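Shown next, in structure tokens, is the structure this report addresses.
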Ligand SMILES: [Fe+2]
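Residue numbers (our numbering): 2 to 308.
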């Protein structure tokens with residue numbers, strides 16, 4: 002998707018499932034909001050250059066939360082530009098203490114890419130990006146350190162992973178806390194109180210009907226609360242797609258043993274899916290293949306989901 006100028010010199014760039022969407026303020030003292038997944042750094046760099054920003058000139062990164070699909074480029078950009086990184090105080094704590102658990106890195110078998118968190122964004126604080134003022138809204142649930150950004154003047158909301166149009170990110174109470182589903186509902190209540198013209202989510206295209214997105218998310222979260230098995234199946238589905246995108250292709254024979262070597266797969270099956278490992282894998286993969294989400298070619302598996 003080409004960059005879209007949503008405010009003067011302020012661009013929205015839509016990515017896919019593996020990389021969170023980006024926002025770039027391209028004028029004097031450029032600012033980036035969310036920097037994608039580490040292995041797709043070259044593409045991210047090209048996209049940033051595409052709106053005329055030199056990485057070495059970046060003055061600040063704002064991270065909506067410390068998950069790998071949103072902070073992947075932070076360390077590299079910081080090394081190349083010396084920029085600061087602004088984020089919620091919990092995110093700063095994760096970076097300061099080199100916490101690879103709360104950031105999901107260890108749980109989802111990722112290499113940690115710690116960076117220097119230099120500025121804390123408090124709930125209700127106004128952060129100016131060039132001439133544009135954004136209000137910080139704390140939105141825990143999917144991530145304990147999640148923040149959304151609201152531009153009151155133009156009624157724009159950067160919701161990150163607190164609100165998508167017609168789906169939800171993985172909810173992982175194991176890490177984000179057993180109250181994370183309740184927190185996610187409270188965060189939706191907060192977003193519902195805003196006057197919003199357009200929502201720019203962490204993944205997927207912008208949308209205007211915030212009310213129906215909130216209603217859909219509430220329904221999903223209540224479904225999760227009623228059925229922990231649904232939480233487990235959703236984690237497995239989304240993490241399988243994430244893993245396939247990360248690796249491009251995986252040999253069919255090796256995939257299930259690989260999953261069994263990860264922390265998240267066994268843990269999710271043990272805690273939420275009755276300790277069933279192979280049956281869960283087979284059921285989900287058969288469904289993915291039938292629906293054309295996963296392709297099987299000469300013993301190799303890949304996905305059609307956009308990275
Ligand atoms: Fe995300």
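Where a beta carbon is used, it is the ideal one built from N, C-alpha and C, also for glycine.
As the structure is a computational prediction, the values presented were derived from the model and not from experiment.
Residues sharing a beta bridge with residue i, DSSP
| i | result |
| --- | --- |
| residue 34 | 24 and 63 |
| residue 201 | 159 |
| residue 6 | 12 |
| residue 242 | In the DSSP output, where bridge partners are listed per residue, residue 242 has none listed. |
| residue 296 | 303 |
| residue 1 | One cannot answer for residue 1 here, as it falls past the ends of the chain, which runs 2 to 308. |
| residue 130 | 133 |
Range covered by the beta strand (DSSP E) that runs through residue i
| i | result |
| --- | --- |
| residue 135 | 133 to 139 |
| residue 304 | 301 to 304 |
| residue 12 | 11 to 14 |
| residue 75 | Element bounds for residue 75: not the beta strand (DSSP E) but the alpha helix (DSSP H), 75 to 82. |
| residue 150 | 148 to 152 |
| residue 19 | From DSSP, residue 19 is part of no beta strand (DSSP E); its letter is neither H nor E. |
| residue 99 | Note, residue 99: premise wrong, no beta strand (DSSP E); not H, not E. |
| residue 88 | 85 to 88 |
| residue 124 | Unbroken run through residue 124: none, as it is neither H nor E. |
Nearest to residue i (by Cα), restricted to the options the options
| i | options | result |
| --- | --- | --- |
| residue 221 | 150, 77, 167 and 128 | 167 |
| residue 123 | 180, 105 and 89 | 89 |
| residue 62 | 110, 72, 14 and 289 | 72 |
| residue 81 | 55, 19, 134 and 68 | 55 |
| residue 40 | 249, 126 and 177 | 249 |
| residue 96 | 120, 292 and 227 | 120 |
| residue 37 | 30, 47 and 281 | 47 |
| residue 6 | 19, 144 and 28 | 28 |
| residue 30 | 60, 94 and 42 | 60 |
| residue 224 | 185, 193, 43 and 258 | 185 |
| residue 165 | 15, 137, 84 and 4 | 15 |
| residue 127 | 150, 107, 146 and 108 | 150 |
| residue 198 | 161, 108, 228 and 153 | 153 |
| residue 107 | 253, 137 and 263 | 263 |
| residue 156 | 271, 195, 233 and 25 | 195 |
| residue 140 | 235, 274, 181 and 232 | 181 |
| residue 116 | 68, 143 and 21 | 68 |
| residue 173 | 213, 189, 104 and 159 | 104 |
| residue 215 | 87, 21 and 189 | 189 |
| residue 159 | 134, 183, 179 and 177 | 134 |
| residue 229 | 171, 212 and 243 | 171 |
Check: residue i C-beta below 7 Å from any heavy atom of ligand 1
| i | result |
| --- | --- |
| residue 17 | no |
| residue 180 | no |
| residue 202 | no |
| residue 21 | yes |
| residue 1 | The displayed coordinates of the chain run from 2 to 308. Any statement about residue 1 would go beyond what the structure contains. |
| residue 235 | no |
| residue 162 | yes |
| residue 124 | no |
| residue 68 | yes |
| residue 206 | no |
| residue 170 | yes |
| residue 89 | no |
| residue 71 | yes |
Terminal residues of the alpha helix (DSSP H) in which residue i lies
| i | result |
| --- | --- |
| residue 281 | 279 to 291 |
| residue 50 | 42 to 51 |
| residue 1 | This structure cannot settle anything about residue 1, because the visible part of the chain is limited to 2 through 308. |
| residue 273 | 264 to 273 |
| residue 70 | 69 to 72 |
Proximity test, Cβ basis, 8 Å: residue i and chain C
| i | result |
| --- | --- |
| residue 199 | Among the chains in the structure shown there is no chain C, since it carries only a single protein chain. |
*Report the residue ranges of all alpha helix (DSSP H) runs contained in full by the stretch 160 to 239; include only those spanning at least 4 residues, in chain order.*
174 to 177, 181 to 193 and 211 to 227
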